[in-house]
Amino acid sequence: MTKVVVFGAYGQLGTDLVRGLRAIRNVDVLSFDREHVDFGNETELRAFLEQKVGEVDFIINCVAMTNTAYCEEHCEEAYKVNALPLAVLGQYCTKVKGRLIYFSTDYVFSGEKRKPYSENDSPRPINIYGTSKLAGEDLVRATCERHFIFRVSSLFGIAGALGKGGNFVETMIAKAQRREKLSVIDDQIMSPTSTIEVARVVCHFIENNLTSFGTYHFAGKGQCSWYEFTKTIMSECKISGPVSRVSWKEYPSVLRRPEYSVLDTTKIAQLVTVPTWEDHLKNYLIAKGHVR
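In the working numbering, the protein residues as written are 192 to 483.
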């Protein structure tokens, strides 16, 4: 029996991940969230691991502060959630001979490259969220040799992001159904990614006991702007209404976001299938009952 512990089990990614893991034979899943342990308290986290987790084959960390604007204004808190706990988890996995899975982000890159970023490209985050997630990566690598770091992009999932009150897809559908005029950014390019697909990939790695440890990029294949993504959402759901293109420069903010953060998935495509972002969206809309 493979013992897997998931932290952040009730969030957007954790929900789909736990569901997928529980469908695998001979996998015992323990799911925890912030109500069980304070991730910002290293002493409490260490004690929790010793007393509640014990021997384990995989620890998967889905706990994250993903509200980028909030991170920008609460730097210390962002590091306490997105980075520092990874040292504790990494040291513990090394101690019990377990493996650690950490989810990072396309925001570790600056967006200046203008072609898909590979795992070999040097990170250069331009905001606190990206910097804190990169710090988490570094702590994973420094404390646990047997690790998988999955960099993902522009997630949307069944449960919705707790820190954001939902996800982009549901927000656009709701606004369009209320006949609100939509103004959507057209000069930030990314690869929309369903947490259902991320969960599938992680389950494949665990079920097949893969040992090719390291960093992997996974996202919907292809690229689009948020405007193009919105138009596709409305088309798939057969919702009509005005959608206008705007530039990110029209939204004054202290937060900088990469203008181009598409991830190159060539490496992981040697191990799993990588569907297009359009397929990610279609399967999500079917799962949510928006389309048949």
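Glycine included, C-beta positions come from ideal geometry on N, C-alpha and C.
Query, Result
"By Cβ distance below 6 Å, which residues in the same chain neighbour Lys372 in space, the five residues on each side in sequence not counted?", "Pro433"
"Could you tell me which whole beta strand (DSSP E) segments of length 3 or greater appear in the stretch 347–407?", "373–376"
"Just to check my reading of the structure: Tyr298 and Leu277 have Cβ atoms closer than 8 Å, yes? What is that Cβ distance to the nearest angstrom?", "Wrong, their Cβ atoms sit about 17 Å apart, outside the cutoff."
"According to DSSP, is Leu275 helix, strand or coil?", "coil"
"Can you tell me the Cα-Cα spacing of Ile496 and Gln242, whole angstroms?", "The shown model of the chain, from 192 to 483, leaves out residue 496, and the question about it has no answer."
"Grab the span of the alpha helix (DSSP H) containing Lys498 for me, first residue to last.", "There is simply no residue 498 to check, as the chain begins at 192 and stops at 483 in what is shown."
"Strictly by DSSP, which residues pair up with Cys262?", "Cys262 pairs with nothing; no bridge assigned."
"Going along the chain, which residues of its own chain have a beta-carbon closer than 8 Å to the beta-carbon of Gly245, five neighbours each way excluded?", "Val287"
"Which residue marks the beginning of the alpha helix (DSSP H) containing Val209, and which one marks its end?", "Gln203 to Arg213"
"Figure out for me which residue from Val465, Arg237, Gly411 and Lys458 has the closest Cα to the Cα of Ile340.", "Lys458"
"Assign Leu280 to buried or exposed, taking buried as 16 or more other Cβ atoms, counted over all protein chains shown, within 10 Å of its Cβ.", "buried"
"Whose C-alpha, out of Glu235, Ser444 and His408, is nearest the C-alpha of Thr384?", "His408"
"Find out if the Cβ-Cβ distance for the pair Ala350, Gly211 is shorter than 8 Å.", "no"
"Establish whether the CB of Val244 and some CB of chain B are separated by less than 8 Å.", "Absent from the structure is chain B; it holds one protein chain and no more."
"Note down the Cα distance separating Val453 from Glu303, rounded to an integer number of angstroms.", "11 Å"
"Can we say the stretch 359–366 touches the stretch 198–210, given the rule of at least three CB pairs closer than 8 Å?", "no"
"At what residues does the alpha helix (DSSP H) containing Ile319 begin and finish?", "Ile319 to Thr334"
"In three-state terms, what does DSSP make of Lys479?", "coil"
"Go ahead and pull the three-state DSSP assignment for Cys428.", "coil"
"Which partner residues does Leu454 have in the DSSP bridge list?", "Tyr308"
"Rank Met192, Pro466 and Val375 by C-alpha distance to the C-alpha of Glu496 and give the top, closest one.", "The chain is shown only over 192 to 483; residue 496 falls outside these bounds and no answer can be derived."
"Going by the beta-carbon positions, is the gap between Ile397 and Phe249 smaller than 8 Å?", "yes"
"Report yes if the C-beta distance between Glu419 and Leu472 is below 8 Å; otherwise report no.", "no"
"By the DSSP assignment, the alpha helix (DSSP H) with Ala221 in it spans what residues?", "Per the sequence shown, residue 221 should be read as Leu rather than Ala. Not the alpha helix (DSSP H): Leu221 falls in the beta strand (DSSP E), residues Val218 to Phe223."
"When the distance is taken between beta carbons, is Ala274 closer than 8 Å to Ala326?", "yes"
"List the whole-angstrom C-beta distance separating Val254 from Arg225, where the pair is believed to meet the contact cut-off of C-beta under 8 Å.", "7 Å"
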